[in-house]
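Protein chains in written order, with the working numbering: chain Y, 73 to 305; chain L, 73 to 305.
2 protein chains.
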Amino acid sequence: MRDEPKAVVLLSGGLDSTTCLAIAKARGFQPLALTFRYGQRHDVEIEAARRVARAFGVRRHVVAALDGALFGGSALTDPDIDVPKGRSADQMGADIPVTYVPARNTVFLAMALAMAEANDARDIFIGVNALDYSGYPDCRPEYIEAFQRMADLATAGAVRDGRAVTIHAPLIAMSKAEIVAEGNRLGVDWSLTSTCYDPDRDGAACGRCDACRLRLDGFAAAGAVDPIAYAQG
Amino acid sequence: MRDEPKAVVLLSGGLDSTTCLAIAKARGFQPLALTFRYGQRHDVEIEAARRVARAFGVRRHVVAALDGALFGGSALTDPDIDVPKGRSADQMGADIPVTYVPARNTVFLAMALAMAEANDARDIFIGVNALDYSGYPDCRPEYIEAFQRMADLATAGAVRDGRAVTIHAPLIAMSKAEIVAEGNRLGVDWSLTSTCYDPDRDGAACGRCDACRLRLDGFAAAGAVDPIAYAQG
């Protein structure tokens, strides 16, 4: 184990980031996990991230608090904005939804870059995907490529050695069904994960927000069964 | 005042960021200030940032806490690493110093981007400068340009309107002497500012770390007097 290269994995505890962690391990990396608490209403996902990290034997898992005041104006952080429910796939793709959190992946990747450099990791994994991406600008391949070019100029390691940190987005071109199939192949225990934007007090998923619908459609298309609890009705 | 466009200004409370704030105001922006607490040993600078923001009539000043665990390995955050003292200008430029904080400007700019988008600001000011920059990779013009290109793809506003947020680095090609002269021209009260990496318990600057030496050399070259207190001896 001691000789495996370290990689920082952004881990929300959902289906995508958990599969991403499984891929990082399968590729021979020793994962360091990084999870954020940013005032999201679905903070049950932080507990999911802890369960997932434990299950994968992650030895260093940082849960970093971010000042929610910076991220105002999203349904994920503002209790006065309703999470949209029951939207069709066409509606999801048509515009940037109210669940968009300002500059979220830029902040997450920037923090991952700091953690990577401070821990001598030369790789970062992020579970964005551009197909079933729910309309977020910072899930597109051209965005990830631009972040990589910026990172190549940003760090002490980059100045010393050229490319210092490589951003991996292994799910970027995969459908949710392909992600479920890949996770199954790698033995992911989906019961540990949490995806819903608006779970109830017992942690049961609503089944109707964009995130739940993409997840359920993915399991259905993969011919797999989602083992987590969904609220009735 | 109501019609002035808002700009997020990264404000450490030092000479450069204070001059940057003065420039943003002089250019007709209503500044929102953003300061970070990241376990830096010179947290007296946060009080300086508060004084400076008050003096400039800043109506929104966010002091955001960042998890210091992400930024290990710098003399500015690790009490076991000594801040270098008494280095010459040649020594400062020769290598990336131990005071380098991993990916700091990337994290700061990412957070500023989130704050800008959440507050309908289309401009960000950062007081980096490439001449007297003490050897940091993320103070170079090519780094700022790469961040701009990434930001152009990162946000909802960018997707809707093309360039959504413009990064201004007005000090990037200025010497410290030119920064002091510009600050004097704009009426900056230097006694409010704090620059030292390693101030004593009374907040007096050491006069010998890289930051103090660049500051003192700047005042000397500008033919100006620095009014802050320096430790004796």
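Every residue gets a Cβ at the ideal spot worked out from N, C-alpha and C, and that includes glycine.
| field | In DSSP terms, what L/A138 is bridged to | value | The question names Ala, yet the displayed sequence has Leu at residue 138 of chain L. BP columns for L/L138 are empty, so no partner.
| said: Going by C-alpha to C-alpha distance, which of L/D272, L/G295, L/L93 and L/R99 sits closest to L/R122? | reply: Checked all of L/D272, L/G295, L/L93 and L/R99; the closest Cα to L/R122 is L/L93.
| Euclidean distance between Cα positions of Y/V200 and L/E76 | It is roughly 37 Å from the alpha-carbon of Y/V200 to the alpha-carbon of L/E76.
| query | L/D282 touches chain Y at which residues, Cβ-Cβ below 9 Å? | reply | Correct list: empty, because the minimum Cβ distance to chain Y is about 15 Å.
| query | Can you tell which of Y/L264, Y/N256, Y/A249 and Y/R280 has its C-alpha closest to the C-alpha of Y/A303? | reply | Residue Y/R280 is the option with its Cα nearest to Y/A303.
| message | Looking at chain Y, is there any beta carbon in it that lies within less than 8 Å of the beta carbon of L/G165? | response | Note that L/G165 has pLDDT 49, beneath the 50 cutoff, so the model's placement of it is unreliable and no number is given.
| DSSP three-state assignment for L/Y110, whether helix, strand or coil | Note: L/Y110 maps to coil in three-state DSSP.
| query | Is there at least one Cβ from chain L nearer than 8 Å to Y/A218's Cβ? | reply | True, the Cβ-Cβ gap to chain L drops below 8 Å.
| query | So what does L/Q102 bridge to, in DSSP terms? | reply | In DSSP, L/Q102 forms a bridge with L/K78.
| At a cut of 8 Å, does the stretch 188 to 202 of chain L reach the stretch 82 to 91 of chain L through at least three beta carbon pairs? | With the cut-off at 8 Å, the stretch 188 to 202 of chain L and the stretch 82 to 91 of chain L touch.
| said: Taking CB distances under 8 Å as the criterion, tell me whether Y/T178 reaches chain L. | reply: Closer than 8 Å: yes.
| query | Near Y/A253, what residues of its chain come up, given a Cβ to Cβ distance below 8 Å and the 5 sequence neighbours on each side ignored? | reply | Apart from sequence neighbours up to five positions away, the residues of its chain that approach Y/A253 with a beta-carbon distance below 8 Å are A294 and A296, ordered along the chain.
| said: Can you tell me whether L/P174 is buried or exposed? The criterion is at least 16 other CB atoms within 10 Å of its CB, across all chains shown. | reply: L/P174 comes out buried.
| Inter-residue CB distance, L/A283 and L/T267 (contact presumed, cutoff 8 Å) | So it is a contact: roughly 5 Å between Cβ atoms.
| What distance in whole Å lies between the Cβ atoms of Y/A125 and Y/A105, which are believed to be in contact at a cut-off of 8 Å? | About 5 Å; that satisfies the 8 Å criterion.
| said: Is Y/M222 close to chain L? Criterion is C-beta to C-beta, closer than 8 Å. | reply: With 8 Å as the cut-off, Y/M222 counts as an interface residue toward chain L.
| field | Reference L/M246, options L/A127, L/G255 and L/Y215, closest by Cα | value | Per the Cα distances, L/G255.
| Under a CB-based cut-off of 8 Å, is Y/V81 close to chain L? | With 8 Å as the cut-off, Y/V81 does not count as an interface residue toward chain L.
| message | Assuming L/D282 is part of the alpha helix (DSSP H), what are its boundary residues? | response | Start and end: D282 to A293.
| query | If you measure from the beta carbon of Y/R212 to each beta carbon in chain L, is any gap under 8 Å? | reply | Contact with chain L is found for Y/R212, since one of that chain's Cβ atoms lies less than 8 Å from the residue's Cβ.
| field | Opening and closing residue of the beta strand (DSSP E) in which L/D195 lies | value | For L/D195, the enclosing beta strand (DSSP E) has its first and last residue at D195 to F197.
| Exposed or buried, which one is Y/G259 when buried takes at least 16 other CB atoms within 10 Å? | Its Cβ having fewer than 16 others within 10 Å, Y/G259 is exposed.
| Which of the three DSSP states, helix, strand or coil, is assigned to Y/A277? | Under the three-state reduction of DSSP, Y/A277 is assigned to strand.
| query | Hey, quick one: how far does the beta strand (DSSP E) through Y/T178 stretch, first residue to last? | reply | Taken as a continuous stretch (DSSP letters only), Y/T178 belongs to no beta strand (DSSP E), being part of the alpha helix (DSSP H) at R176 to A190.
| If you check the beta carbons only, do L/E214 and Y/L288 fall under 8 Å apart? | Judged by beta-carbon spacing, Y/L288 lies beyond the 8 Å limit of L/E214, meaning their Cβ atoms are not closer than that value.
| said: Taking the beta strand (DSSP E) that L/I239 belongs to, which residues open and close that run? | reply: Per DSSP, L/I239 belongs to the beta strand (DSSP E) from T238 to H240.
| query | Who does L/Y302 pair with in a DSSP beta bridge? | reply | The secondary-structure analysis by DSSP pairs L/Y302 across a beta bridge with L/A277.
| message | For a test of the three-state rule: what should DSSP assign to L/R132, helix, strand or coil? | response | The DSSP-derived three-state label of L/R132 is strand.
| C-beta atoms of L/A55 and L/K97 nearer than 8 Å | Nothing in the structure corresponds to residue 55 of chain L, since chain L is present only between 73 and 305.
| said: Within 8 Å of any Cβ in chain Y, is that where the Cβ of L/V124 sits? | reply: It does not; no Cβ of chain Y falls within 8 Å.
| field | Beta-carbon neighbours of L/P209, restricted to chain Y and to distances below 7 Å | value | Those are L225, A226, T227, A228, A230 and V231, listed as they occur along chain Y.
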